[in-house]
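Presented below is the structure to which this report refers.
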Amino acid sequence: MLTCLTMLAASPVSAQTPAPQPASGTPLLLPLAEAIARARGSSEQIGLARAGTVRARGLQYQARSVLLPQLGTTLNYQKTLQNQFEALSRRANGGNTGGGGDSSLAENPLTRIFASPYTVTFGLTASQNLFTGGRGQAGIRASNAGRDAAEIGITSSEAQVVLDVTEAYYDALLADQLVTIAESSLVQSERAFRQVQLTRSVGTSSEFELVRARVTRDNQRPSWLQSRTTRDVAYVRLRQLLDLPVDQALTLTDKPDETPPPARAESTAAPTTVNVVASEVLAIDPSVASRTSAVVAASDTSSLSRAPVRQALKQVEVAKQQLRATRAGRLPTVGVSTAYQRIAYPGDGVPRSVADFVPNWTAAVGVSFPFFTGGRVRGEELAAQATVQEAQQRLKLTQEGASLDARLAVRRLEEAEAAWQASVGTEEQATRSYSIAEVRFREGISTQVELSETRVQLQQALANRARAARDLAVARARVQLLPNLPLTSGGATSSTPSGNTP
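If you read the sequence shown in my numbering, its first letter stands for residue 5, the second for the next number, and so on.
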């Protein structure tokens, strides 16, 4: 009897070994740290954030160019098909009878220049803004703030990817455990059914008990099949995040931390009266608060440290600098420019030497003042003021959301810690209870109802413990990554494998 009891007690535990994944190829040993490293190198979200940083750098270069000199070079070759000066020169040449010491109009150098059908021009141009009313400086400050916001976006994207991979990793582990629980339950139901078959064949069980055992066994199969499907989906999601082939076999090596908390001392004396104090029953174990505080102390949960708040602050700075640049549109703009050219007028179309080129050099100082714009500058200023107000209001909303999000994250961690501590020991007790119930059923002391109820309690205890371990690991990761995480939408929790709890 003792040997049988020991074997039955060990059977649910041995059934908890994760089943191999239905994927081809050599299994890839995948620790959580390696999964995170793979995701950081192949994440589309991080790639988009980095592209935004490159764009911000480009805008930064554009803004700086306003205050720097502009240099350029030109080369132009022109062939005039019909020239009015050439026609006038021919007429003047045809009407000249000679006999004079004066040069004719056709021989005039200026006439040859204007009448030449070919023109070759090489030039250098330079310009420099001397005064822009502050538009250039405001544009530079706005571009700097935009680049800072883009770099914060990379940090935020990386933190979100780390959290997504952590959730997917522990979701896959949880799905493995739920499949193991479903398989164990199916095996236990099959064993109970065969026991009833055996007792029915010797006439000690009724047909009703046999039919009931068969129905109980058959009802376990859909849950088992559903858990397998959920596990496959969880692994596909993990492979997608890691950019792995969908048929790549994975072996997850990192399990959730299952170090049990110190057990609370309970009185072993037999009670003489039943007296339940509600405050004692509803009190949270002090160790939950201490373990939660240790995790929170290692992370910064203030709203100002959150990446979305820091990005919102940069957006306010960008809007203010754009308003300053818009207001500077009422001020004049002063700039200098110069142009140096070497021009040749070859008669046959090709210059023969450098001496054929003659210089042409100009310098200019320009002042531009928007004397009347028909309300354009005023309209741009009003629009820029509205943008500043919108950015400030978004900053307030983001700060409020960050404060709420931090509180939700801490509360989820406390809830996960309390659920985990509540599950400690329950699995062992439920396993022991089912082993005793199965022995009682084999000996004919108890009924199928008692065995089924005990099996359900065991399944629930195993599932609760697995889910509590997963939730605790994810909640700790969320609090640790909180400063760089985006805000959750309405405090919604992440999706977890569902439909597998017995």
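All residues carry an ideal CB built from backbone N, CA and C; glycine is no exception.
Runs of the beta strand (DSSP E) lying entirely within the stretch 326-362, each at least 3 residues long, are 337-348 in chain order.
Annotation for Arg480: Val299 place their beta carbon closer than 6 angstroms to its own, counting only its chain and skipping 5 residues before and after. In the assembly as shown, Thr435 is a buried residue. Its beta-carbon has 16 or more other beta-carbons within 10 Å.
Taking the Cα of Leu182 as reference, the smallest distance to any Cα among Leu254, Leu412, Leu114 and Arg471 is reached at Arg471. Here Glu48 is exposed, its C-beta having fewer than 16 other C-beta atoms within 10 Å. Counting along the chain, the unbroken beta strand (DSSP E) around Ser131 starts and ends at Tyr122 to Phe135.
Between the stretch 306-315 and the stretch 399-406, the count of C-beta pairs closer than 8 angstroms reaches three or more; the two stretches touch.
Taking the Cα of Val358 as reference, the smallest distance to any Cα among Ala348, Ala388 and Thr366 is reached at Ala348.
Contact between Leu327 and Gln389 holds, since their C-beta atoms are separated by about 6 angstroms, short of 8 angstroms. Taking 8 angstroms as the upper bound for CB-CB distance, Thr57 and Glu155 are in contact here, some 6 angstroms apart. Under the three-state reduction of DSSP, Ala367 is assigned to strand. Secondary structure of Asn80 (DSSP, three-state): strand. For the set Phe118, Ala39 and Gly143, the Cα lying nearest the Cα of Ala67 is the one of Gly143. Of the residues Ala332, Arg195 and Gln464, the one whose Cα lies closest to the Cα of Glu431 is Gln464. By the CB criterion at 7 angstroms, Ser437 and Thr458 fall inside the cutoff. Contact check between the stretch 174-188 and the stretch 337-344: fewer than three CB pairs, one atom from each, fall below 8 angstroms, which does not count as touching. Beyond the five residues adjoining it in sequence on each side, Asp152 comes within less than 7 angstroms, by CB distance, of Lys318 in the same chain, given in chain order. Straight through space, the alpha carbons of Gln64 and Ala473 are spaced by roughly 47 angstroms. Cα atoms of Lys324 and Glu384: separation of roughly 13 angstroms, rounded to the nearest angstrom. Nearest in C-alpha terms to Ser307, of all of Pro487, Leu245 and Asn223, is Pro487. One Cα belongs to Ala119, the other to Glu90, and the distance between them is close to 4 angstroms. In the three-state DSSP reduction, Leu190 falls in the helix class (H, G or I). Beta-carbon to beta-carbon, Glu418 and Thr296 are separated by about 5 angstroms, close enough to satisfy the 8 angstroms threshold. Taking C-alpha positions only, Glu442 is separated from Arg198 by approximately 13 angstroms.
A residue is called buried when at least 16 other Cβ atoms come within 10 angstroms of its Cβ; Trp365 does not meet this threshold and is exposed. Given a length threshold of 3 residues, the stretch 216-243 has no whole run of the beta strand (DSSP E) inside it. Here the C-alpha atom of Gly76 lies approximately 25 angstroms from the C-alpha atom of Gly138. Setting aside the 5 residues that flank it on each side, Arg54 is surrounded in the same chain by Ile158, each with a C-beta closer than 8 angstroms to its C-beta; the list follows chain order. Counting of Cβ neighbours within 10 angstroms places Asp222 among the exposed residues, the total staying below 16.
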